[in-house]
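Here's the structure we're looking at; comments come further down.
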Amino acid sequence: MNGTAIINRLSLWASTSSSRLKSMSAPLGRVLTFSLADDLIYPARTIAASLDGGAISVVYGKRLFSRVAIRGVREYPFDGKYPQPEFLASSIALAVNALGARKAPVTLSIPKAWTVITTAEFPLTVKENLSDVISYELDRITPLTSANAFFDFRVLEEKEGKLSVLVVAVRADLVEPYIDALREKGISVSRLTTNLSGFEVLSRFIGSTRATIFLDVSANGYEGALFDGTAITNIVAGSFPATDERLCAERLRQEIAPLIDEVKKSGRDPRFMIRLRQTSPGLKESLKAQVPHPIMFLGETDIKVKYPPLERTPPYAAIGAVLESLWPRAHGVNLLSKGLREESSPPKFFTVILLLCILGLWIVYLFAPLKTEEKRLAEIDRQIAARKEDVKKVEALKKEIEAVENEVGLINTFKVNRRMTLDILKELTAILPKSAWLSRVRVSETAVELEGYASAATGLLSKLEASPFFRKVEFSSPTFRDTRMNADRFNIKMEIEGVNVEIFKAKEEGEEFDEAAEEE
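Per this note's numbering, residue 1 is the first one in the sequence shown, and the count goes up by one each step.
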């Protein structure tokens with residue numbers, strides 16, 4: 001019993017360790033086996049043509065680094081419910097030439113009414129041979145047989161030992177005339193899908209993560225389905241009994257009520273994506289009033305795809321077909337494949353080259369560093385010896401620079417703490433009136449003394465006090481009237497504004513200017 005318990009523990013440890021090692025090595029494996037042709041980085045382009053709403057819509061799209069952009073759109077209206085094969089082939093040929101999209105793969109998107117869309121369940125044991133099983137069982141799950149049908153499938157989920165599969169099929173004799181007509185024009189169809197599948201991909205591309213109820217509403221009728229993940233279920237279609245907007249909205253509300261209940265069973269709220277084509281304006285308001293859930297109207301919503309300016313509503317079905325072909329996460333259908341999946345193994349060439357490069361670098365890393373460092377040290381010593389004289393010269397220059405900087409600092413300090421005599425004389429010239437003139441000016445480090453004549457000496461004090469150059473302006477002696485000069489003789493003293501008196505405290509001498517009086 002103890003031996004059995006030990007073996008069980010060892011087995012559990014081995015399985016746990018194996019799963020952990022596998023999960024840890026998976027990212028490295030993805031990097032080592034990453035292909036330059038991967039959809040994430042490889043550029044691609046396609047021409048998508050859809051038979052939708054009384055017109056053939058042709059859209060030219062490109063992909064670069066997973067970003068999809070629409071480069072051109074063409075539309076060709078036709079009479080009747082569906083176009084003739086020759087008209088379709090001619091329209092697509094014209095669009096290919098006009099859009100400059102020769103040799104681009106062509107995707108043909110057919111109406112939902114041509115197709116059979118259903119879900120089926122299979123035992124999990126048939127997962128490896130699912131394509132063969134669906135081909136064999138197609139006549140059981142659809143009204144068609146694999147011999148006279150084009151079909152494809154998506155695996156929706158694995159649950160309780162069963163596979164849930166979405167199957168899309170179309171009668172071959174319904175589509176082959178169109179494919180043959182295109183082939184006669186030199187155009188080969190590489191992908192066949194349905195409009196409803198394109199709308200499902202478009203819904204996920206926009207960012208709708210919730211279960212979405214889609215309705216394509218025209219003036220005569222409607223069709224739609226429930227999009228849940230990548231599943232297309234609960235398909236609805238019909239015509240309107242009258243042209244009254246309220247009655248049409250009521251009919252749509254009755255049709256989608258079971259779809260709403262289906263979503264709410266899982267504890268979620270649905271989201272609506274509705275395309276209105278050639279309908280009356282009142283129908284939109286009636287739908288908003290009768291549907292108590294968020295509604296996303298195509299034409300009013302950013303579809304997150306760049307496309308050129310259009311005069312009409314964008315052809316959303318054709319844009320969805322472009323996304324099915326170019327978007328890496330589209331998981332679209334290709335009915336021409338008849339369910340066959342091409343499994344391509346990751347390329348090993350770049351992996352082998354990368355491993356050899358890593359091995360070579362590792363060997364160099366082991367043996368080369370010592371020699372490399374010795375050479376570097378020898379070169380450093382040689383450079384140091386060669387530059388000793390230069391270093392001495394640089395140090396001498398640094399000392400000279402420091403001495404000059406000190407002298408410049410002293411000069412700047414002196415200039416900052418002392419008003420320039422020329423500036424003071426300029427200020428006196430500017431503020432003294434024309435009726436005053438000076439006979440003597442004495443400028444020191446901290447003060448200015450003036451002697452002279454003026455028609456009214458008392459008015460000079462206010463003018464000098466208002467100057468930003470002077471402060472504490474006062475008469476140094478009484479003024480008196482000189483009858484000979486017919487003017488007041490004055491002696492004024494004042495301090496220079498902004499002067500640090502402490503610096504010049506010890507200095508007593510100043511500059512004295514005895515000049516002939518000039519009338520200002």
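A virtual CB, placed ideally from N, CA and C, is assigned to each residue, including glycine.
These figures come from a predicted structure and were not determined experimentally.
- Give the single residue among L215, P328 and A237 whose Cα lies nearest to the Cα of L287. L215
- Task: Step through the CB atoms of chain D and report whether any lies within less than 8 Å of the CB of A368.
- Result: Protein chain content of the structure displayed is limited to a single chain, and chain D is not contained in it.
- Query: Tell me which same chain residues have a C-beta within less than 7 Å of the C-beta of F469, skipping the five on either side of it?
  - Reply: The answer, listed in chain order, is R419, I424, E427, I496 and E497.
- Item | Buried versus exposed, by CB contacts within 10 Å (16 or more), I179 | buried
- Buried versus exposed, by CB contacts within 10 Å (16 or more), G195: One point to set straight first is that residue 195 is Asn, not Gly, in the sequence displayed. Classification for N195: buried.
- Tell me whether R329 sits in a helix, a strand or coil according to DSSP, three-state version. coil
- Query: What number of angstroms, rounded off, separates the C-alpha of G54 from the C-alpha of E128?
  - Reply: The alpha-carbon atoms of G54 and E128 are separated by roughly 42 Å.
- Is the segment 200 to 208 touching the segment 313 to 331, taking contact as three or more C-beta pairs under 8 Å? Contact between the segment 200 to 208 and the segment 313 to 331 is present, because at least three Cβ pairs lie under 8 Å.
- Item | V217 vs L276 beta-carbon contact at 8 Å | It is a contact, given that the beta carbons lie within the stated cut-off.
- Message: In this structure, how does DSSP classify V291 when only helix, strand and coil are distinguished?
- Response: coil
- Item | the segment 133 to 147 contacting the segment 71 to 90, beta-carbon criterion three pairs below 8 Å | no
- Query: Which first and last residues belong to the beta strand (DSSP E) in which E75 is found?
  - Reply: R67 to P77
- Inter-residue spacing [alpha-carbon to alpha-carbon] between L99 and I70: 11 Å
- Determine contact between the segment 354 to 373 and the segment 161 to 176, defined as no fewer than three beta-carbon pairs at a distance below 8 Å. no
- Message: Please classify C248 as buried or exposed, where buried requires at least 16 other C-beta atoms within 10 Å of its C-beta.
- Response: Residue environment: C248 is assigned as buried (16 or more neighbouring CB atoms within 10 Å of its CB, all protein chains considered).
- Message: Buried or exposed for A257, going by 16 or more other Cβ atoms inside 10 Å?
- Response: exposed
- List the whole-angstrom C-beta distance separating I274 from I303, where the pair is believed to meet the contact cut-off of C-beta under 8 Å. Wrong, their Cβ atoms sit about 14 Å apart, outside the cutoff.
- Message: Taking the alpha carbon of V96 as the reference point, which residue from K463, A396 and S188 has its own alpha carbon closest?
- Response: S188
- Query: Distance, Cα to Cα, I186 vs A219?
  - Reply: Note that residue 186 is Gly in the sequence shown here, rather than Ile. Distance between the alpha carbons of G186 and A219 is about 37 Å.
- Message: Does P328 pass the burial test, meaning 16 or more other C-beta atoms within 10 Å, or should it be called exposed?
- Response: exposed
- Item | Residue interval of the beta strand (DSSP E) (run including F227) | Where F227 is concerned, the enclosing beta strand (DSSP E) stretches over G221 to D228.
- Query: Exposed or buried, what is D52 when buried is set at 16 or more other beta-carbons lying within 10 Å of its beta-carbon?
  - Reply: buried
- Message: Could you pull the DSSP bridge partners for W114 from this structure?
- Response: None, per the DSSP bridge assignment.
- Query: Per DSSP, T233 is paired with what?
  - Reply: Answer is L226, bridged to T233.
- Item | Rounded separation between E389 and K371 - CA only | 30 Å
- Task: Determine, using beta carbons only, whether L153 and V170 come nearer to each other than 8 Å.
- Result: Per the sequence shown, the amino acid found at residue 153 is Phe instead of Leu. No, the Cβ-Cβ distance between F153 and V170 is not below 8 Å.
- Mapping DSSP to helix, strand and coil, what is R312? Residue state, collapsed to three classes: coil.
- Query: Does DSSP put E160 in a helix, in a strand, or in coil?
  - Reply: coil
- Separation of L340 from G267, as counted between CA atoms: 36 Å
- Message: Please state the DSSP three-state secondary structure of I496.
- Response: strand
- According to DSSP, residues forming a beta bridge with N491: Note: N491 sits in a beta bridge opposite E451 and S477.
- Message: Starting from G198, trace the alpha helix (DSSP H) in both directions and tell me its first and last residue.
- Response: First-last of the alpha helix (DSSP H) with G198: N195 to I206.
- Query: Which term fits L377, buried or exposed, when burial requires 16 or more other beta carbons within 10 angstroms of its beta carbon?
  - Reply: exposed
- Where do the N-terminal and C-terminal ends of the alpha helix (DSSP H) with T372 fall, by residue? P369 to A386
- Query: Secondary structure at V305, three-state DSSP: helix, strand or coil?
  - Reply: coil
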